[in-house]
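Taking it in order: structure first as structure tokens, then the write-up.
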């Protein structure tokens, strides 16, 4: 759907210059409590990779564990805030930052309700407000707490196009009082969008988010869409991912031209201790200044293939694999635990 929009602000693309990345450190009261050492090791790897390219913001009820894990990192690059959290999925409760035509940052604080009332989220929902009160952002605070929106549910090309899924945004436990047209209008008014692309297909087993777009398909430079492909007819995802692929290939840019579409492999099935398939995906990568942090799963052939494909889409970026087998134990991956903030959007 394309809308007229005269907004003087926009949602930057993730590949635009960044100032910092947010992490919420795992603690004893999160769902990670039974595997805390393992997941903290993964967070340590992510954090150390981030500070090579960006500042790092860390929140936790008590940041001492994070400070200890990162004792050998340049402290001038890391800022710690003691803020209570329910869990660690910063992508979905972190601020979604828009930029005005004059370069001013707008901190948009949307409501996070635990992916449609599935999990407790009262503390996570307050993190953005708490960070603003601590003075992290010098720009405007925009209270959007009357509208449920998670960062992992939208992709932006920085030019007015958003990519999302109907399964997530039309979930009755998020904004069930609004029609698809009304939700789209809200996105356009708040994020400065003028062209919204909806995917009606695509879902990964074990995904609690109702098909967040960042598990399935991502926008990339050069009018590119990188998406999860599946050629194995025996895989339970085959029919749904093929339907998604057909829809992606039919999408058009605002000028009516097709997108450049690149398929990522689907990781081999990984199961939890109860035999439930986990939502492993290479699409859940984080774009940094000059680097891509790519989730990998100890599957050498497919991990390497995913790295090669990402290098095609981002030829000037260093592709860094991060073992995310720990993260998917709680049904998420690398992009889910991070949130980037655009250049010049936070206090120096």
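Numbering (the working numbering), first residue to last: 5 to 352.
Using N, Cα and C, we set each Cβ at its ideal position, and we do this for glycine too.
As the structure is a computational prediction, the values presented were derived from the model and not from experiment.
- For residue 199, the secondary structure class from DSSP, reduced to helix, strand or coil, is strand.
- In the structure shown, residue 257 falls within a coil segment according to DSSP collapsed to helix, strand and coil.
- Around the beta carbon of residue 273, a 10 Å sphere encloses fewer than 16 other beta carbons of the protein chains shown; the residue is thus reported as exposed.
- Residue burial annotation: residue 54 is buried, with at least 16 other C-beta atoms found within 10 angstroms of its C-beta.
- In the same chain as residue 207, and ignoring 5 residues on each side of it, the C-beta atoms closer than 6 Å to its own belong to 215 and 244, in chain order.
- Annotated as proximal: residue 317 and residue 224, with beta-carbon spacing under 7 Å.
- The beta-bridge partner set that DSSP reports for residue 131 is empty.
- Annotation note: the region 53 to 137 contains the following uninterrupted alpha helix (DSSP H) runs of length 4 or greater, listed N- to C-terminal: 68 to 73, 94 to 97, 118 to 121 and 131 to 137.
- With contact defined as three or more Cβ pairs closer than 8 Å, the region 303 to 316 and the region 118 to 129 are not in contact.
- Under the 10 Å beta carbon count, residue 125 is surrounded by 16 or more other beta carbons and is classified as buried.
- Contact check for residue 217 against residue 157 passes: the beta carbons are separated by less than 7 Å.
- Residue pairing of residue 159 in beta bridges, as defined by DSSP: 167.
- Put simply, the backbone Cα of residue 182 is about 15 Å away from that of residue 194.
- Inter-residue distance for residue 284 and residue 167 is about 21 Å (C-alpha atoms, whole angstroms).
- Put simply, of 56, 50, 241 and 94 the residue whose alpha carbon is nearest the alpha carbon of residue 294 is 56.
- Beta-bridge analysis with DSSP links residue 344 to 25.
- Inclusion of residue 109 and residue 132 in the CB contact set at 7 Å is not warranted, their separation being larger than that value.
- Only buried fits residue 196, as 16 or more other CB atoms lie within 10 angstroms of its CB.
- Per DSSP, the continuous alpha helix (DSSP H) segment holding residue 309 begins and ends at 304 to 317.
- Close CB contacts of residue 72 within its chain, under the 7 Å cut and outside five residues either way in sequence, are absent.
- DSSP places residue 288 in no alpha helix (DSSP H); its state is neither H nor E.
- Counting of Cβ neighbours within 10 angstroms places residue 107 among the exposed residues, the total staying below 16.
- In the structure shown, residue 219 falls within a helical segment according to DSSP collapsed to helix, strand and coil.
- Between the region 307 to 322 and the region 71 to 88, the count of C-beta pairs closer than 8 Å stays below three; the two stretches do not touch.
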